[in-house]
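Below is one structure, written out as structure tokens; the observations come after it.
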Amino acid sequence: MLSRVNNIVTASGIWLGTFHAIAARILRSHAELVGLSSNFTIISPDDQLQIIKTIAADMQQGFPATECKGILHTIQRWKEKGLLPHDITETELQRSSNSFALRVYEEYQERLKALNCADFGDLLLHNVTILSANPDVLAHYQEHLRYVMVDEYQDINTIQYLWLRLLVRRHKNLCCVGDDDQSIYNWRGAEVGNILRFSDDFPDAKVIRLECNYRSTSNILAAASAIIDNNKSRLKKTLWTHNQAGQKVGLMKFFDGRLEAQYISEHIKSSYDYKFSETAVLVRASFQTRVFEEFFVRYGIPYKIIGGTKFYDRVEIRDLVAYLKVVVNPNNDIAFEKIINKPKRKLGTSTVNKLRAYGRKHSISLTEAGHSMIKDGLLSDNTSNILQDLLKQFDDWREMLSRDSSVNVLKAIAHDSGYIESLKKDGESGLSRIENIKELFSAVSGFDDVSKFLEHISLVAENDSLEEDNNYVHVMTLHAAKGLEFPLVFLPGWEEGVFPHEKSMNDITGNALEEERRLAYVGITRAREQLYISCAAMREINNWSQSMKMSRFIKELPREHVQVLHNMTGYA
């Protein structure tokens, strides 16, 4: 990027980088003003979490380490808002519902200073502290950085905004490029209000509206405009294009999510107008990708999950599948080794090494070695008891499999092993993994025989391992698709509670719902030539088949630019 800019601009001494990169450069020069040395270290998220765990344990004996991720997340959000510990009000404390996090935050900042470290959030936070308290330093950078340009202005958070305001306050030479209709990152701190009030913050600013769209057909553009016009908090603009009208937006309603995925797969497979690489399936939530993966494998469609992990590659899915493999085949040492200490049950490397050595010596599996070593008293009493309980569980699940369904056995494994319970202690991340496990339940329920299910997974893995070229369907969330474009786009799952997301529907301010609508706008405008939007009357969510209501966003589409396909009813 810098070389491209230098080829265009003749000025020297250009600073080009992210907010954090430029802030780090400034902080290196003035670190002593916030109690650091210029050779301070920027610590990793893992190191941050370890410090938080140590502080929490020191403050409260027996504090669950699994809750520390939530504390770290709260501290990160405070830093994104530009809040040091002494800035946090009672109102803010109630909003975070974590008064203990404030105590940890105070000590955390002291520990970082003692270690001569800063975390990612400190880079801008320390900058604002330095520039606010030291007029001479501020004046130096205001003079040195007389012209400031910012891209994707709609995505900046509060601390970035405060830092930017300080730098440009003197000369007011600021050029920002952004689209408020594409502000979709509130969940990671972005504040759409920053771009909405730009003219108030900088009353002398000249606003130039870039309303000509060079990407999409006029039908697609009309659909996007009609939806986003329903947002109240936005800068008005009228999009237009020189492109042809093109095909109308296709709208489809299916009986359930599986038929939706099957139809889309068949459409992609039989489409001769577009390569796989010119096609994208964009979903609101990652759980929606699983059923598409299933049908893409069935139809031999190459695909890639962009910005995420394929369903069967996710840690929690691989772990529970490993449990199933041991139930089916007690001699599967690879699977048994994978889960012997998942969740943690004090059967670590030392125990595994002993089992492995005994098994090799006697030419038996790890589970057989476990039974023999327990019987012969070759393990400590504590290890023997824990291992015996685990082996007994596998015997019970094996017996259950002979008389019950595969999905019920898998549910028993997930709960009885303590796996689900361990994830519940892992904050938002754990809850997301639990949702994935529930989706796994749905996948297993489609197979009468657990061996056939395991074979199906192997086929998926084999499909993934085939030599890849670049001709694959792109599957990703709407958030991951921002900035990309494809000739052919499918937007499945447009139902209330899925899209818009259920959480947004419970937000009394309406802000979350408007962000969901902006996300719909982003999704629609990823399409260049053909766009298909679909919903289902029934959808399996968390292993429950639920009756679904068509998304309000579908009702906001302009009828004259939409072609109703495949049994869509109730569209108005």
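Numbering (UniProt numbering), first residue to last: 1 to 572. C-beta: ideal position from N, C-alpha, C; glycine also. All figures in this text were calculated on a predicted structure; none of them were measured in a lab.
Contacts around Glu107, its chain only, beta-carbon distance under 7 Å, and the 5 residues preceding and following it disregarded | For the purposes of this step, residue 107 is taken as the residue at position 107 of the sequence shown. Cβ neighbours of Glu107 beyond the five flanking positions: Ile55.
Of the residues His566, Glu556, Phe453, which one's Cα is nearest the Cα of Ser406?
-> Working through the sequence shown from its first residue, we reach residue 406 at position 406. Closest option to Ser406, Cα to Cα, is Phe453.
Apply the 10 Å Cβ neighbour rule to Cys68 and answer buried if 16 or more other Cβ atoms are within range, or exposed otherwise.
-> As a first step, residue 68 must be located in the sequence shown, where it is residue number 68. When all chains shown are included, Cys68 counts as buried.
Whole beta strand (DSSP E) runs in the stretch 226 to 300 with 3 or more residues, listed along the chain?
-> 249 to 256, 279 to 283
In angstroms, rounded to a whole number, what distance separates the CA positions of Lys503 and Met548?
-> Numbered from its first residue, the sequence shown carries residue 503 at position 503. Numbered from its first residue, the sequence shown carries residue 548 at position 548. Cα-Cα distance, rounded: 16 Å.
When Thr509, Arg234, Leu221 are compared against Thr525, the one with the closest alpha-carbon = Within the sequence shown, residue 525 is the residue found at index 525, counting from 1. For the residues Thr509, Arg234, Leu221, the minimum Cα distance to Thr525 belongs to Leu221.
Which class does Ala536 belong to by DSSP, given the choice of helix, strand or coil?
-> Within the sequence shown, the letter at position 536 stands for residue 536. Strand at Ala536.
What three-state label does DSSP hand Lys411 in the structure shown?
-> The residue you call residue 411 lines up with position 411 of the sequence shown. Reduced to three states, the DSSP call for Lys411 is helix.
Met476 lies in the alpha helix (DSSP H); which residues open and close that run?
-> To locate residue 476, count along the sequence shown from 1; it is residue 476. Here Met476 belongs to no alpha helix (DSSP H); instead the beta strand (DSSP E) covers 473 to 477.
Give the DSSP bridge partners of Glu514, in chain order.
-> Counted from its first residue, the sequence shown places residue 514 at position 514. Looking at the DSSP assignment, Glu514 forms no beta bridge with any residue, so it has no partner.
Cβ neighbour criterion (16 or more within 10 Å) applied to Asp204 = By one-based count along the sequence shown, residue 204 stands at place 204. Flag for Asp204 reads exposed.
Compare the C-alpha of Arg234 against each of Arg197, Pro558, Leu324 and name the closest.
-> Numbered from 1 along the sequence shown, position 234 holds the residue referred to as residue 234. Closest option to Arg234, Cα to Cα, is Arg197.
Quick one: measure Cβ to Cβ for Phe311 and Gln262, integer angstroms, because I've assumed they're closer than 8 Å.
-> In the sequence shown, the residue the question calls residue 311 occupies position 311. In the sequence shown, the residue the question calls residue 262 occupies position 262. Contact doesn't hold; Cβ gap of about 17 Å is too wide.
Can we say the stretch 87 to 102 touches the stretch 124 to 138, given the rule of at least three CB pairs closer than 8 Å?
-> no
Counting only the same chain and skipping the five closest in sequence on each side, list residues whose C-beta sits under 7 Å from that of Ile52.
-> Along the sequence shown, one-based indexing puts residue 52 at 52. Cys68, Ile71, Leu72, Val104, Tyr108.
With distances taken from CA atoms, which of Asn470, Tyr521, Ser445 is nearest Lys482?
-> As a working mapping, residue 482 is identified with position 482 in the sequence shown. When only C-alpha atoms are compared, the closest one is Tyr521.
Pick from Arg345, Arg290, Ala190, Tyr419 that is closest to His456, judged by C-alpha positions | Within the sequence shown, numbered from 1, the residue matching residue 456 stands at position 456. Selected option, being the one with the closest Cα: Arg290.
Write down every uninterrupted run of the alpha helix (DSSP H) in the stretch 79 to 127 whose length is 4 residues or greater and which is fully enclosed by it, in chain order.
-> 90 to 96, 99 to 114
His30 to Asp155 span [Cα, whole Å] | To locate residue 30, count along the sequence shown from 1; it is residue 30. To locate residue 155, count along the sequence shown from 1; it is residue 155. In a straight line, the C-alpha of His30 is about 27 Å away from that of Asp155.
Helix or strand or just coil, what does DSSP make of His171?
-> The sequence position of residue 171 within the sequence shown is 171, counting from 1. Coil at His171, not helix or strand.
Where Val473 falls, given that 16 or more other Cβ within 10 Å makes a residue buried = One-based indexing of the sequence shown puts residue 473 at position 473. The residue is buried, with at least 16 neighbouring Cβ atoms inside 10 Å.
Helix, strand or coil: which one does DSSP assign to Trp397?
-> Here the question's residue 397 lines up with position 397 in the sequence shown. DSSP places Trp397 in helix when its eight states are reduced to three.
State the start and end residues of the unbroken alpha helix (DSSP H) segment that holds Leu27.
-> Along the sequence shown, one-based indexing puts residue 27 at 27. 19 to 30 is the span of the alpha helix (DSSP H), which, as asked, contains Leu27.
Secondary structure of Ile43, DSSP reduced to three states | The residue you call residue 43 lines up with position 43 of the sequence shown. Reduced to three states, the DSSP call for Ile43 is coil.
Beta-carbon gap between Lys342 and Pro64 smaller than 8 Å | Locating residue 342 in the sequence shown gives position 342, counting from the first residue. Locating residue 64 in the sequence shown gives position 64, counting from the first residue. Their beta carbons are not under 8 Å apart, which means Lys342 does not touch Pro64 by this criterion.
Below 8 Å between beta carbons: does that hold for Leu102 and Leu93?
-> For this step, residue 102 is matched to residue 102 along the sequence shown. For this step, residue 93 is matched to residue 93 along the sequence shown. Yes, they are a contact pair.
Taking only runs that begin and end inside the stretch 351 to 394, name each unbroken alpha helix (DSSP H) of 4 or more residues, in chain order.
-> 366 to 375
Where Arg314 falls: helix, strand or coil (DSSP) = Here residue 314 corresponds to residue number 314 of the sequence shown, with the count starting at 1. Arg314 falls in the coil class under three-state DSSP.
Go ahead and label Met505 buried or exposed: buried means 16 or more other beta carbons lie within 10 angstroms of its beta carbon, across all protein chains shown.
-> Stepping through the sequence shown from its first residue, residue 505 is reached at position 505. Met505 comes out exposed.
Would you kindly work out how many angstroms separate the C-alpha atoms of Ser44 and Ser218, rounded to a whole number?
-> For the purposes of this step, residue 44 is identified with residue 44 of the sequence shown, where counting begins at 1. For the purposes of this step, residue 218 is identified with residue 218 of the sequence shown, where counting begins at 1. Distance between the alpha carbons of Ser44 and Ser218 is about 46 Å.
Close Cβ partners of Leu210 (< 6 Å) along its chain, the five nearest in sequence each way excluded = Reading the sequence shown from its first residue, position 210 is the one you call residue 210. Hits under 6 Å: none found.
When DSSP builds the beta bridges, which residues end up paired with Met550?
-> As a working note, residue 550 is residue 550 in the sequence shown. DSSP lists Glu495 as partners of Met550.
Since Ile437 is in the alpha helix (DSSP H), which residue starts that stretch and which ends it?
-> Taking the sequence shown and counting its residues from 1, the one referred to as residue 437 is at position 437. That run of the alpha helix (DSSP H) goes 427 to 445.
Which same chain residues, not among the five before or five after Arg23, have their C-beta less than 6 Å away from its C-beta?
-> Working through the sequence shown from its first residue, we reach residue 23 at position 23. Residue identity check: residue 23 is Ala in the sequence provided, not Arg. Result list for Ala23: Leu123, Leu124, Asn127, in chain order.
Within 10 angstroms of the Cβ of Glu467, are there 16 or more other Cβ atoms? Answer buried if so, exposed if not.
-> One-based indexing of the sequence shown puts residue 467 at position 467. For Glu467, the predicted model reports a pLDDT of 42, less than 50, meaning its position is unreliable; a value from the coordinates is still stated below. Exposed, since its Cβ has fewer than 16 Cβ neighbours within 10 Å.
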